[in-house]
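Enquirer: Take this structure, written in structure tokens, and hold onto it; I'll ask about it next.
Number of protein chains: 2
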Amino acid sequence: MDNTRGSGESLLFLTDAHLRRGIEAMFFAYRGFTADPDRILADHGYGRAHHRAVHFINRTPGTTVNNLLAILGVTKQSLNRVLRTLIEDGLVESRVGRRDKRERHLFLTDKGAALESELSEAQRARMRAAFRDAGPQAVAGFRAVLEAMMDPEQKHQFDAVQEVSE
Amino acid sequence: MDNTRGSGESLLFLTDAHLRRGIEAMFFAYRGFTADPDRILADHGYGRAHHRAVHFINRTPGTTVNNLLAILGVTKQSLNRVLRTLIEDGLVESRVGRRDKRERHLFLTDKGAALESELSEAQRARMRAAFRDAGPQAVAGFRAVLEAMMDPEQKHQFDAVQEVSE
DNA sequence: CATATTACGTCAGCCTTGTTGACATTCCAA
DNA sequence: TTGGAATGTCAACAAGGCTGACGTAATATG
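Those protein sequence lines, which keep their order, are chains X and E.
Mapping the first sequence onto the UniProt record's numbering, position 166 (from 1) lands on 166, and the numbers just tick up by one.
Mapping the second sequence onto the UniProt record's numbering, position 136 (from 1) lands on 136, and the numbers just tick up by one.
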């Protein structure tokens with residue numbers, strides 16, 4: 001009866017079979033998670049790396065390159081290559097910092113915002129359908145498990161990004 | 001009060017802010033999900049593609065190349081490159097089919113099983129910690145949302161793999 | 001039996017996206 | 001003024017996707 005974190009807790013949900021099922025669910029679900037954006041990106045000649053950059057620039061406008069590097073966890077050379085094409089194509093604007101002129105602050109142009117919107121609407125649509133199917137309690141559990149799965153550093157970045165929207 | 005799928009259901013959990021949070025949680029959590037195996041793989045000179053192959057060969061021993069292609073959703077050229085190195089390195093054995101000699105049935109050798117075990121134990125450890133932190137109800141929700149997020153084809157593959165263990 | 005199809009392997013070439021290492025520039029801060 | 005931080009850039013490389021083409025063996029089908 002008491003399956004909800006007590007002293008008499010049943011730990012049947014921690015068997016290897018359950019863990020394996022969770023692992024495989026992550027694998028297949030992540031493919032679904034990226035499928036719609038991938039199609040859109042391919043139409044525009046971009047890849048997932050562009051999506052990630054555009055997403056987080058939209059999320060925290062004016063963010064610096066270093067900031068973005070910390071969030072994305074890639075090398076500056078990798079990010080720079082992506083950023084360069086986005087700037088050349090007029091999706092991202094890079095402004096020299098007013099206080100610290102070494103820093104570049106990144107913003108989406110209207111064109112960049114349009115792509116971001118297209119991508120995120122597709123991704124939200126799938127997430128919305130999944131959330132609706134599963135129900136609010138399931139969604140709470142979904143989030144709890146995902147947050148517990150992050151590395152401390154990743155969790156820190158995640159929390160930092162969430163704070164922006166408050 | 002009634003937030004659990006009824007006619008008077010509250011849909012506050014479907015706001016864009018909640019969806020966005022779910023999307024970002026998937027992004028950061030997937031990094032955690034792959035972090036431990038990635039480290040182990042790097043030590044052995046392999047990549048994620050090898051992990052995936054080894055995982056599913058272990059899961060359904062004797063599976064054919066075509067079968068594996070359907071599960072992994074890559075081209076045969078991509079899979080073949082990975083499979084070739086695994087066979088050369090003595091982690092995977094490829095046996096010509098008895099009934100249909102065109103088919104190759106794939107098996108892990110002891111060496112392959114050892115790597116698989118090392119990888120999956122690391123991944124299970126993280127999943128176990130996350131499951132334990134979040135509790136059984138959360139785990140149920142986690143799975144429900146992930147399964148709802150899969151494409152129909154992916155869901156089919158997922159279900160097929162789950163059936164093996166019954 | 002002849003032919004089509006399937007399963008698999010392989011060669012060649014291309015792209016994205018990650019990596020290291022090296023080096024230049026700009027500019028803040030001690 | 002000088003050290004170090006932030007940024008950009010060049011070169012080279014690797015993993016792992018992709019397409020297209022071709023070959024071979026074996027099965028399925030007419």
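Virtual Cβ for every residue (Gly too), placed ideally from N, Cα, C.
Source: prediction; values computed, not measured.
#1: Decide if the segment 94-104 of chain X is in contact with the segment 108-124 of chain E; the criterion is three or more beta carbon pairs, one per stretch, under 8 Å apart.
#2: Short check: CB of residue 130 of chain E to CB of residue 125 of chain X, under 8 Å?
#3: Residue range of the alpha helix (DSSP H) that residue 117 of chain X falls in?
#4: What does DSSP give as the partner residues of residue 104 of chain X in its beta bridges?
#5: Interface residues of chain X around residue 141 of chain E at Cβ under 7 Å?
#6: Between the beta-carbon of residue 91 of chain X and the beta-carbon of residue 109 of chain X, is there less than 8 Å?
#7: Nearest chain E C-beta to residue 117 of chain X closer than 8 Å, yes or no?
#8: Below 8 Å between beta carbons: does that hold for residue 154 of chain X and residue 31 of chain E?
#9: Looking only at C-alpha atoms, which of X/145, X/160, X/69 and X/104 sits nearest to residue 29 of chain E?
#10: Bridge partners of residue 60 of chain E, per DSSP?
#11: Could one say the Cβ of residue 145 of chain E lies closer than 8 Å to chain X's Cβ atoms, at least one of them?
#12: I want to see whether chain X comes within less than 8 Å of residue 79 of chain E, judged by CB atoms only; does it?
#13: If you count every other CB in all the chains shown that lies within 10 Å of the CB of residue 120 of chain E, and 16 or more means buried, which is it?
#14: Taking residue 75 of chain X as the reference, give the member of X/87, X/58, X/53 and X/38 with the closest Cα.
#15: In terms of residues, what are the limits of the alpha helix (DSSP H) holding residue 9 of chain X?
#16: Return the chain-ordered list of same chain residues with a C-beta closer than 6 Å to the C-beta of residue 157 of chain X, the five sequence neighbours on each side being excluded.
#17: What are the boundary residues of the alpha helix (DSSP H) that includes residue 78 of chain X?
#18: Run through chain E and tell me which residues come within less than 7 Å of residue 16 of chain X, C-beta to C-beta.
#19: If you drop the 5 nearest sequence neighbours on each side, which residues of the same chain put their C-beta closer than 8 Å to that of residue 51 of chain X?
#20: Buried or exposed: where does residue 83 of chain X fall if 16 or more other Cβ atoms within 10 Å of its Cβ makes it buried?
#21: In the structure shown, what three-state DSSP assignment does residue 150 of chain E receive?
#22: Tell me whether residue 91 of chain X sits in a helix, a strand or coil according to DSSP, three-state version.
Expert: To lay it out plainly:
#1: No contact exists between the segment 94-104 of chain X and the segment 108-124 of chain E.
#2: Result no, Cβ atoms of residue 130 of chain E and residue 125 of chain X do not sit closer than 8 Å.
#3: 110-134
#4: X/96
#5: 134, 137, 138, 139, 140, 141 and 142
#6: yes
#7: Closer than 8 Å: no.
#8: yes
#9: X/145
#10: None; residue 60 of chain E has no bridge partner.
#11: yes
#12: Taking Cβ atoms only, chain X never reaches closer than 8 Å to residue 79 of chain E, which makes this a no.
#13: buried
#14: X/53
#15: Premise fails: residue 9 of chain X is in no alpha helix (DSSP H) and is neither H nor E.
#16: 71
#17: 76-88
#18: 124
#19: Excluding sequence positions up to five before and after residue 51 of chain X, its CB lies within less than 8 Å of the CB of 37, 41 and 119, all in the same chain and listed in chain order.
#20: Its Cβ being crowded by 16 or more others within 10 Å, residue 83 of chain X is buried.
#21: coil
#22: DSSP places residue 91 of chain X in coil when its eight states are reduced to three.
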